[in-house]
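Numbering (the UniProt record's numbering), first residue to last: 1 to 90.
In this text, a Cβ means the ideal position worked out from N, Cα and C, and glycines have one as well.
Being a predicted model, the structure only gives us computed values, none of them experimental.
Below is one structure, written out as structure tokens; comments come after it.
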Amino acid sequence: MRREEEKQRNERKEEGEQRIKGTEGENRREKKECKGEIKTEREGSKREEKRKRKEGGGEGKWKERGGKGRRGDELKGRMWVGGRKDKEGK
């Protein structure tokens, strides 16, 4: 009697463990898929920005640069990135 009960308990435990492992795997897959979607969006926007920069026309923007070291905030500058500043002049 005891052996049969122990066997049944062990089987239940094993089944439970397998279920838990299965759900963990599914959750991980979902997280990876979500991360992948976010990455593709970022890559797409970077590509577009590079393309605009190479074409020369279109919109540009100021980017902050520099500002390393002790007096970082004081030394920060700006640089124009991508596109032309004035379309009529060039």
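Looking at the DSSP output, Met-1 sits in no beta bridge, so it has no partner there.
Distance from the CA atom of Arg-51 to the CA atom of Gly-77, rounded to whole angstroms, is 25 angstroms. Boundaries of the beta strand (DSSP E) around Gly-77: 77-81. The C-alpha of Val-81 is placed about 10 angstroms away from the C-alpha of Glu-49.
Under DSSP, the beta-bridge partners assigned to Lys-63 are Met-79. Straight through space, the alpha carbons of Glu-11 and Arg-3 are spaced by roughly 12 angstroms.
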